[in-house]
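Protein chains in written order, with our numbering: chain A, 1 to 160; chain B, 161 to 320.
For every residue, glycine included, the Cβ atom is placed at its ideal position computed from N, Cα and C.
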């Protein structure tokens with residue numbers, strides 16, 4: 001079960017911009033911080049600007065600022081915007097070809113589970129998630145701490 | 161946000177086998193029903209047999225039966241088994257390289273959201289999901305009904 005890298009980077013762009021909102025930030029800065037392709041970042045910044053999450057100042061000394069207050073940037077709303085689909089099973093997609101779609105009872109629990117997932121995200125805003133400027137340059141040990149999921153899959157524990 | 165096809169087909173194999181548990185079912189039958197590659201089905205059947213969800217009778221007139229009672233096949237447990245990972249954001253994976261992992265507050269809501277998702281699935285078993293044999297051969301109109309998600313993404317509504 002995954003979200004796209006698009007969503008992951010959208011969140012990081014907003015966290016970075018929120019932490020540096022005393023000045024204009026640039027895509028180059030964000031690219032260097034997270035070591036991700038500029039083309040990918042530009043697509044994400046374009047969407048976030050179009051939707052008002054970012055405000056882009058044009059020109060030679062231009063850059064990005066948050067387009068909304070951090071408390072007005074809701075996590076659930078953002079994930080609904082940045083994910084291309086929520087195709088948990090085939091019949092949740094536009095190209096569904098599953099022949100039991102009409103009779104199947106699985107959509108019930110999967111819709112409920114998705115709703116529980118999104119409702120949890122809906123109760124958080126960027127304001128709750130904000131971290132300091134130094135968090136983007138400090139090198140703690142270990143640098144790449146694993147933060148989830150809170151259970152390990154059987155594939156990862158080597159049991160299968 | 162997606163689950164893998166592996167999970168989707170594991171669920172369909174179990175639904176099909178549960179509906180036909182008065183006899184042995186074969187991979188060929190399931191392949192014809194769902195029009196999916198035999199190689200993919202064989203990998204899934206292998207895992208489900210190893211883990212006791214299916215019981216494989218070997219030999220010329222062999223086939224598959226459920227290895228557990230339908231009420232003992234829990235949806236959440238199955239999804240934890242069949243999904244290779246739950247990498248919602250980079251730091252939920254084994255290959256995490258995100259430099260703010262130590263300080264980031266996003267893992268909190270994402271772990272809670274994932275927990276809410278899995279807890280919902282944990283409250284359902286295959287018994288609640290069982291459908292009749294005729295559901296696999298009846299041709300309703302429309303055949304490929306879309307069953308979720310209950311909201312449309314902005315990408316799909318054409319707003320972005």
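Proximal chain C residues relative to residue 246 of chain B, where beta-carbon distance stays under 9 Å
Among the chains of the structure shown, chain C does not appear; the protein chains present are A and B.
Consider the Cβ of residue 320 of chain B: report whether some Cβ of chain A lies at a distance smaller than 9 Å.
Low per-residue confidence applies at residue 320 of chain B: pLDDT is 48, beneath 50, and the placement is therefore not dependable, though the value from the model is reported in the following sentence. Yes, residue 320 of chain B counts as interfacial toward chain A.
Does the beta-carbon of residue 132 of chain A have 16 or more other beta-carbons within 10 angstroms, so that it is buried, or is it exposed?
exposed
Buried or exposed for residue 320 of chain B, please, with buried defined as at least 16 other CB atoms from any protein chain shown within 10 angstroms of its CB.
The predicted position of residue 320 of chain B is uncertain, since its pLDDT is 48 and thus under 50; no value can be drawn from it.
Taking just the CA atoms, how far does residue 119 of chain A sit from residue 30 of chain A?
29 Å
Sort A:88, A:93, A:111, A:46 by Cα distance to residue 304 of chain B and report the nearest one.
A:93
Euclidean distance between Cα positions of residue 164 of chain B and residue 188 of chain B
22 Å
Given residue 116 of chain A as reference, the closest of A:10, A:76, A:49, A:19 once Cα atoms are compared
A:76
Nearest to residue 135 of chain A by CA position, among A:102, A:34, A:71, A:41, is which residue?
A:34
Between the Cα of residue 138 of chain A and those of B:309, B:241, B:264, spot the shortest distance and give me the residue it belongs to.
B:264
Kindly indicate which three-state DSSP category residue 17 of chain A falls into: helix, strand or coil?
helix
In angstroms with no decimal places, state the Cα-to-Cα distance between residue 55 of chain A and residue 2 of chain A.
29 Å
Verify the CB distance criterion: does residue 284 of chain B have a CB-CB separation below 9 Å to chain A?
yes
For chain A, is any of its Cβ atoms less than 9 Å away from the one on residue 271 of chain B?
yes
Use the C-beta contact count for residue 172 of chain B: other C-beta atoms within 10 angstroms, 16 or more gives buried, fewer gives exposed.
buried
Residue-level contact to chain A via CB, residue 217 of chain B, 9 Å cutoff
no
Same chain, Cβ closer than 8 Å to residue 122 of chain A, neighbours up to 5 away in sequence not counted:
74, 75, 76, 77
Pair within 9 Å by beta-carbon distance, residue 166 of chain B and residue 200 of chain B
yes
Residues bridged to residue 65 of chain A [DSSP beta-bridge criterion]:
A:55
Out of B:308, B:249, B:218, point me to the one whose CA is closest to residue 184 of chain B's CA.
B:218
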